[in-house]
Every structure is written in C-alpha cells, then in structure tokens.
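To start, the structure under review is shown below, and the notes come after it.
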Amino acid sequence: MAGLDNLMAFIWRDPRANNCNTYLIDGRAPLLIDPGHSAFIENIAGRMEESGFNLPRLALAVCTHGHPDHAEGAEVLAEIPVPVAIHETEEPCLKDMARLFYTSQGQTAPEPRFDFLLREGDLMVGDNTFEVLHTPGHTPGSICLYWPAEKALFTGDLLFEEGVGRTDFPGGDALALKESVRRVQSLDIEWILPGHGEIIQGREAVRENFDFIGRFIFSTM
Amino acid sequence: MGEIKSTLELVMERTRGMVQSREEREQDIFRERARKAAVLAEKHLSGETGLAAFVERLDALSGREPGFDARAAARLHLARTLPLDGAEGKTALAALACLGSPHVREMEEAMEKMAGETEEAEKQAEARLAAELAGRGISGSAAVLRPRTDPGYEKARAAIRERARARIARLAEAAGQDTPRAGY
Ligand SMILES: [Zn+2]
Numbered sequence: 000m001a002g003l004d005n006l007m008a009f010i011w012r013d014p015r016a017n018n019c020n021t022y023l024i025d026g027r028a029p030l031l032i033d034p035g036h037s038a039f040i041e042n043i044a045g046r047m048e049e050s051g052f053n054l055p056r057l058a059l060a061v062c063t064h065g066h067p068d069h070a071e072g073a074e075v076l077a078e079i080p081v082p083v084a085i086h087e088t089e090e091p092c093l094k095d096m097a098r099l100f101y102t103s104q105g106q107t108a109p110e111p112r113f114d115f116l117l118r119e120g121d122l123m124v125g126d127n128t129f130e131v132l133h134t135p136g137h138t139p140g141s142i143c144l145y146w147p148a149e150k151a152l153f154t155g156d157l158l159f160e161e162g163v164g165r166t167d168f169p170g171g172d173a174l175a176l177k178e179s180v181r182r183v184q185s186l187d188i189e190w191i192l193p194g195h196g197e198i199i200q201g202r203e204a205v206r207e208n209f210d211f212i213g214r215f216i217f218s219t220m
Numbered sequence: 000m001g002e003i004k005s006t007l008e009l010v011m012e013r014t015r016g017m018v019q020s021r022e023e024r025e026q027d028i029f030r031e032r033a034r035k036a037a038v039l040a041e042k043h044l045s046g047e048t049g050l051a052a053f054v055e056r057l058d059a060l061s062g063r064e065p066g067f068d069a070r071a072a073a074r075l076h077l078a079r080t081l082p083l084d085g086a087e088g089k090t091a092l093a094a095l096a097c098l099g100s101p102h103v104r105e106m107e108e109a110m111e112k113m114a115g116e117t118e119e120a121e122k123q124a125e126a127r128l129a130a131e132l133a134g135r136g137i138s139g140s141a142a143v144l145r146p147r148t149d150p151g152y153e154k155a156r157a158a159i160r161e162r163a164r165a166r167i168a169r170l171a172e173a174a175g176q177d178t179p180r181a182g183y
C-alpha cells in the first residue's frame, strides 16, 4: 500500500461470511491486528504466504475487541504459539459475551487465553510505536490502535466508512460510542483502517467520514 | 489360600474387634466433642459469632463434657485449617491467641514469610514475562502483564504454600497439646 509500506491489509469482502479485516504490520516484530474467525485463519495465512509471510513469524496479535469475528482466531494463534493481547476491560466481558453468542447457536464457547492485557498507553512492537486508545461503545473494552508515525488509526468496530459499530450487542453503549468517535476524531489521521469494509485514505476523506458519521449516523442512534 | 480365612483367624479378628470397640467408642466420643468445638470455630471464622461468644461457648462445652478441653480442641482445629491468607487467616490467628496458643507468633511468621515469598515469586514472574515480551520486541506502558497466570509462578506459589502449610501443620499439632499460656 502506498504510504504504508509495511502494512498488509486483508480486507474481507466475502459476503457469505461475517469476518473482520485483518491487518499485518511486517518488520522486525510483525504485528497482526484482529485474527478474525478461527475458520478463516487458514485463508488469511494462505494469503500471507503468497506475500512471503508465515504466521509463526508474528511477534504479537492484538484483538480490537472480543467479538468472535475479530478474536476467535486468537485460539489458533495461541497454539502456534503467538502471544495475543486484548483490552483489560474486554476479557471479563468476553466470557459472558462468548457464552451468549455461542450458546445461542448451540455451540460451546471457546475460552481464548490472552497472554497479556492492554490499557491506555504506548505499545512498542519492534520499531513501531502505537497508542492504545480505550474506545468503548461497541463493546466495553474496544480499543483503537493509533500509529502516529503513519497517521493511521485501526478502528476495529468503532467506526467504518460511513458507519459505526453496532451498540445493540451485550455491553454495547451508544453514548459511549459517540464519545469514543469524538475522541479519535481529534487525532491527526490520514488513514482509517476499519474492522469491516474499505480503508479510508487521505486527510480529506477521513474528515468527510467523521462529518458524515456526525451528521447522519449519530442522529439515528 | 490367602483368600480363605481359617476359623481361628475369624475368631481372632472378632475378638480383636471386641477389644477395640471400647477404644473406638472412646475415640468416637472424643471425635464428636472435637467436632462440636470445630463447628463453634467455623461459626466464629464465618463471622456468625464474635470472639467473646465463641470462647464462652467453648467453655460451656467443656463444662458439659467433663474431662474435655474444648479450647484445646478448637486450637487444634483452627491451627490445622488455618486459612493461609485473607481476613479469615487473621481472625483465626486472633482466636488462637485468645485461646492461649503459644504458637501464634510462629504461625504469623510462617504466613508473613509465605506472603513475602509469594510477592517475590510474582515479581520474578513479571520480570520473566517482561523479558520474554522484550525478546519479541514488545514493550510499553500499555502492556499489562499477568504474572499470576504464569505457569512458573503458579508452581512456585504452590510450593511456597506447601512449605507454609507444613510448618503450620507442625505448629498445629503442638497447639492441640500445649498448655496454654497463663493470662488467656
Ligand atoms: Zn464487533
């Protein structure tokens, strides 16, 4: 990708499966953001291999939140083993959410093990420094990862192109989500790398997207 | 052949049973009394009865059961089942002190030692985890390490508790037998 040389974006466009976008930042210590569903890890791994990357090289995987379409694959990564991290507020909620989600489908909830937790602050991964921002609303422990050097924001399910994350799941909070969107809006952003849908590129496009959300989406929440 | 008992063996067994039965009866009586003292101790630990009421009930039990030292039985129970940490541990130690156990200080020391060693093990595990992450190129204020879920820490903690438990168990046996200090 022009401007983000070390970033590989695996944008999930297959409408038959609700899977999230997965991002890989290659380098001295490769970082994966949102592994997605366990069932699709193989697909992602295959696409990575085409680019000459294999999963065991990963230094770390971060889940922006605990929904299975973002975090279920953590259990596959843990087997490799690759350390996986999630926000400290999310882990306890995750057990309850997973139980609800899986039992409603007649399945047993997996219990992903997170090697360490995240809170607001700096996260250095190899030569890259990220800011972990706690951005609740879609879930209580949702995070955005801000990459100041590239002016890039990984938003998880906080916001997308012309949309925001649902707040009708357990733990969802529309007011908190609005607050979180307003908070990240103040950052210097040239790239929005959302959990679903297309990447938003360019300062102007980013600004327009925040405007759109503020004017047309917030009023419906 | 070993499976089939001779008449003599059967008679010997039955006789032995009859001889033992009196001792067993006495043991049963003692066990039942000790159980009553233990129930009183548990009620105190759970907060159902205060210290003064607990001691009062123990003394009443001794009064009802001639030759039975309910305080000693309660000391033995409290020391044997001493919770190694938390508020219940403190309550048990205070009760032991009140019941005249001469080993309270040593038990406190064993628990303090255990707490200190556990804290040290946690610090070591945290340093180990931080070093592991640093080895992968990961660091920063956002990373919240979890030394308590580290298998190395869990193993060390179990060994520390085991040592403390063994030390307290030795003191517990003494606590049941020792003559209480005057003044309690
Ligand atoms: Zn989600």
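For the record, the sequence lines run as chains A and B. Residue numbering for the first sequence follows numbering that gives the first Met the number 0, beginning at 0 and increasing consecutively. Residue numbering for the second sequence follows numbering that gives the first Met the number 0, beginning at 0 and increasing consecutively. Even glycine gets a Cβ: it sits at the ideal position worked out from N, Cα and C.
Chain A within 8 Å of residue i, Cβ atoms only
i                      : result
leucine 92 of chain B  : no
leucine 144 of chain B : yes
alanine 141 of chain B : yes
proline 179 of chain B : Because proline 179 of chain B carries a pLDDT of 45, less than 50, the predicted location of this residue cannot be relied on, and no value is offered for it.
Cβ of residue i within 8 Å of any chain B Cβ
i                            : result
glycine 125 of chain A       : yes
leucine 93 of chain A        : no
leucine 158 of chain A       : no
phenylalanine 153 of chain A : no
leucine 117 of chain A       : yes
Alpha-carbon spacing of residue i relative to residue j, whole angstroms
i                         : j                            : result
methionine 123 of chain A : glycine 136 of chain B       : 7 Å
proline 111 of chain A    : glycine 155 of chain A       : 18 Å
arginine 180 of chain B   : arginine 118 of chain A      : Note on arginine 180 of chain B: pLDDT 40, under 50, position unreliable in the model; no value is reported.
threonine 90 of chain B   : alanine 158 of chain B       : 24 Å
isoleucine 216 of chain A : lysine 177 of chain A        : 10 Å
proline 14 of chain A     : alanine 38 of chain A        : 15 Å
glutamate 41 of chain A   : histidine 86 of chain A      : 25 Å
tyrosine 183 of chain B   : glycine 99 of chain B        : Because tyrosine 183 of chain B carries a pLDDT of 31, less than 50, the predicted location of this residue cannot be relied on, and no value is offered for it.
aspartate 149 of chain B  : alanine 124 of chain B       : 7 Å
arginine 74 of chain B    : glycine 115 of chain B       : 26 Å
alanine 165 of chain B    : valine 143 of chain B        : 34 Å
methionine 106 of chain B : phenylalanine 113 of chain A : 37 Å
alanine 171 of chain B    : proline 55 of chain A        : 53 Å
alanine 129 of chain B    : glutamate 23 of chain B      : 59 Å
glycine 125 of chain A    : leucine 132 of chain B       : 11 Å
arginine 98 of chain A    : aspartate 172 of chain A     : 20 Å
glycine 201 of chain A    : tryptophan 190 of chain A    : 6 Å
glutamate 47 of chain B   : glutamate 78 of chain A      : 48 Å
threonine 107 of chain A  : phenylalanine 209 of chain A : 39 Å
glutamate 108 of chain B  : threonine 88 of chain A      : 37 Å
isoleucine 142 of chain A : lysine 42 of chain B         : 47 Å
Proximity below 8 Å, CB of residue i to CB of residue j
i                         : j                           : result
serine 61 of chain B      : phenylalanine 53 of chain B : no
histidine 195 of chain A  : threonine 166 of chain A    : no
glutamate 160 of chain A  : tyrosine 145 of chain A     : no
cysteine 97 of chain B    : leucine 50 of chain B       : yes
glycine 35 of chain A     : cysteine 92 of chain A      : no
glycine 88 of chain B     : methionine 110 of chain B   : yes
lysine 150 of chain A     : isoleucine 212 of chain A   : no
leucine 95 of chain B     : arginine 160 of chain B     : no
arginine 145 of chain B   : leucine 116 of chain A      : yes
isoleucine 198 of chain A : alanine 8 of chain A        : yes
arginine 182 of chain A   : threonine 134 of chain A    : yes
glycine 139 of chain B    : aspartate 121 of chain A    : yes
valine 180 of chain A     : leucine 152 of chain A      : no
leucine 76 of chain A     : methionine 47 of chain A    : no
arginine 127 of chain B   : glycine 151 of chain B      : yes
alanine 36 of chain B     : histidine 102 of chain B    : no
arginine 156 of chain B   : threonine 117 of chain B    : yes
Closer than 8 Å at the beta carbon, the chain A residues around residue i
i                       : result
arginine 135 of chain B : Ala28, Ala58, Leu59 and Pro82
Contacts that residue i makes with chain A (C-beta to C-beta distance below 9 Å)
i                    : result
serine 45 of chain B : None at all; the shortest Cβ gap to chain A is about 28 Å.
Chain-ordered chain B contacts of residue i [CB-CB under 8 Å]
i                        : result
aspartate 121 of chain A : Gly139, Ser140 and Ala141
glutamate 87 of chain A  : Val143
Cross-chain neighbours of residue i in chain B, by beta carbon under 7 Å
i                     : result
valine 229 of chain A : Outside the modelled stretch of chain A, which goes from 0 to 220, sits residue 229 of chain A, for which no answer is possible.
Within-8 Å CB hit, residue i to chain E
i                     : result
lysine 177 of chain A : Of the protein chains in the structure, A and B, none is chain E.
> For the stretch 17-28 of chain A against the stretch 64-79 of chain A, are there 3 or more C-beta pairs whose distance is under 8 Å?
Replying inline: yes
> Does the stretch 20-31 of chain B come close enough to the stretch 74-83 of chain B to have 3 or more Cβ pairs within less than 8 Å?
Replying inline: no
> If you pair each beta-carbon of the stretch 55-62 of chain A with each one of the stretch 72-84 of chain A, do three or more pairs fall below 8 Å?
Replying inline: Counting Cβ pairs under 8 Å, three or more are found: they touch.
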